[in-house]
Amino acid sequence: MQACLVLVTVLSFVSKFTTGYNLRGSTSPKAKDANLNHRVCHYCTSNPSREQDDATNLLNVLIKQLEGFIIETQFKYTQFEKHTRGMRHFLATIRAHVETLDPYDTDIMNQLLFAERIFEAMVMATENASKFNYWGTTDHYLVISMIELNVALFALCDSNGLFDNLLELSIQKLYMFENQIYQWKREFAQLKHYSTEAFEVFEDERIKAERMVYFLKGQTSMQT
Numbered sequence: 506m507q508a509c510l511v512l513v514t515v516l517s518f519v520s521k522f523t524t525g526y527n528l529r530g531s532t533s534p535k536a537k538d539a540n541l542n543h544r545v546c547h548y549c550t551s552n553p554s555r556e557q558d559d560a561t562n563l564l565n566v567l568i569k570q571l572e573g574f575i576i577e578t579q580f581k582y583t584q585f586e587k588h589t590r591g592m593r594h595f596l597a598t599i600r601a602h603v604e605t606l607d608p609y610d611t612d613i614m615n616q617l618l619f620a621e622r623i624f625e626a627m628v629m630a631t632e633n634a635s636k637f638n639y640w641g642t643t644d645h646y647l648v649i650s651m652i653e654l655n656v657a658l659f660a661l662c663d664s665n666g667l668f669d670n671l672l673e674l675s676i677q678k679l680y681m682f683e684n685q686i687y688q689w690k691r692e693f694a695q696l697k698h699y700s701t702e703a704f705e706v707f708e709d710e711r712i713k714a715e716r717m718v719y720f721l722k723g724q725t726s727m728q729t
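Residue numbers (the numbering used here): 506 to 729.
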């Protein structure tokens, strides 16, 4: 019964969240809400297999919501910021359920850890991006672009944090991201005026992005 109450709370949040911000900005998520509400009865059962399936489904919903703030190489951090508090509560509630699954499921926990990784990366990216004026100088523009791209790379991963080769044009997008990193690196190097802070943040973000691309390219070779 406790698990039922916990997860009904989660579903209530998801329903409210999707109403306010659907994956692609739609304001008509009735079908999604109906699907979520249809699953409420599952949480009142004592079937371990069903509880694991429901936990996995909720994690997939969460990751899809997070990816909804990503469009190509852009991260809509101003929109994400409005939902940070609610999504943090959502994550904590899901974690409380996953930790009490019997038997303990390592795969589900790994998916939860990846979802938490995406969320924290988005929080940090939002904090860093807010320090720079998007419509300001070129160095600020390049910094924010690299910050957003770092987050956007997560959209190329599956729920386990591995390269998703089933995603449409995933390999092409990966190489597009790699080329974009190189282009912005070259543009920043050509700047005659930039702040020390902008340079340091840009370099940190560039290195993170290059490492992520390297990791994902390694996954593509393993999957072929």
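All C-beta atoms in this analysis are idealised placements derived from N, C-alpha and C, irrespective of residue type, glycine included.
Closest to residue i by CA distance: which of the options is it?
i, options, result
"Glu683", "Ser700, Lys697, Leu654 and Thr701", "Leu654"
"Ala560", "Arg711, Met592, Gln584 and Leu596", "Leu596"
"Gly591", "Gln579, Gln570, Asp709 and Glu577", "Gln570"
"Glu710", "Asn633, Leu721 and Asn615", "Asn633"
"Tyr719", "Ser700, Ile686, Glu702 and Phe707", "Ile686"
"Met651", "Thr642, Ala660, Ala630 and Met614", "Ala630"
"Gln616", "Leu567, Gln724, Phe707 and Gly573", "Leu567"
"Leu564", "Thr725, Ile712 and Ser664", "Ser664"
"Gln676", "Asp644, Gln724, Tyr646 and Phe707", "The sequence shown places Ile at residue 676, not Gln. With distances taken between Cα atoms, Ile676 lies closest to Gln724."
"Thr643", "Ile712, Glu708, Lys697 and Gly573", "Lys697"
"Tyr699", "Leu661, Lys722, Val656 and Tyr646", "Tyr646"
"Met627", "Asp610, Thr701 and Gly573", "Gly573"
"Ser635", "Glu715, Phe580, Ala657 and Lys722", "Phe580"
"Leu667", "Asn562, Phe619, Ile575 and Phe707", "Phe619"
"Lys678", "Leu658, Arg600 and Thr611", "Leu658"
"Ile575", "Cys662, Gln688 and Val706", "Cys662"
"Tyr582", "Glu708, Ile649 and Met681", "Ile649"
"Met681", "Arg555, Glu577 and Asn562", "Glu577"
"Ile613", "Gln557, Trp689 and Leu721", "Gln557"
"Gln688", "Ala714, Glu705, Asn562 and Thr701", "Ala714"
"Gly703", "His588, Thr598, Phe637 and Asn562", "Reading off the sequence, residue 703 comes out as Ala, not Gly. Checking every option, the nearest Cα to that of Ala703 belongs to Phe637."
Would you identify the three-state DSSP class for residue i, choosing helix, strand or coil?
i, result
"Phe693", "helix"
"Phe574", "coil"
"Leu674", "coil"
"Tyr680", "helix"
"Ser726", "helix"
"Tyr687", "helix"
"Tyr719", "helix"
"His588", "helix"
"Lys713", "helix"
Which residues does DSSP list as the beta-bridge partners of residue i?
i, result
"Phe579", "In the sequence under discussion, the amino acid at residue 579 is Gln, which differs from the Phe named in the question. Looking at the DSSP assignment, Gln579 forms a beta bridge with Ile576."
"Phe707", "None, per the DSSP bridge assignment."
"Phe668", "Cys662"
Verify the CB distance criterion: does residue i have a CB-CB separation below 8 angstroms to chain B?
i, result
"Leu671", "Of the protein chains in the structure, only one exists, and it is not chain B."
Practice problem: Any chance you could list the alpha helix (DSSP H) runs of at least 4 consecutive residues sitting entirely within the segment 595-664, in chain order? | Solution: 611-634 and 643-657
Practice problem: Would you check if the segment 668-678 and the segment 623-631 touch, i.e. whether three or more CB-CB distances between them fall below 8 angstroms? | Solution: no
Quiz prompt | Cβ pair count under 8 angstroms reaching 3, the segment 594-611 against the segment 687-707 | solution = no
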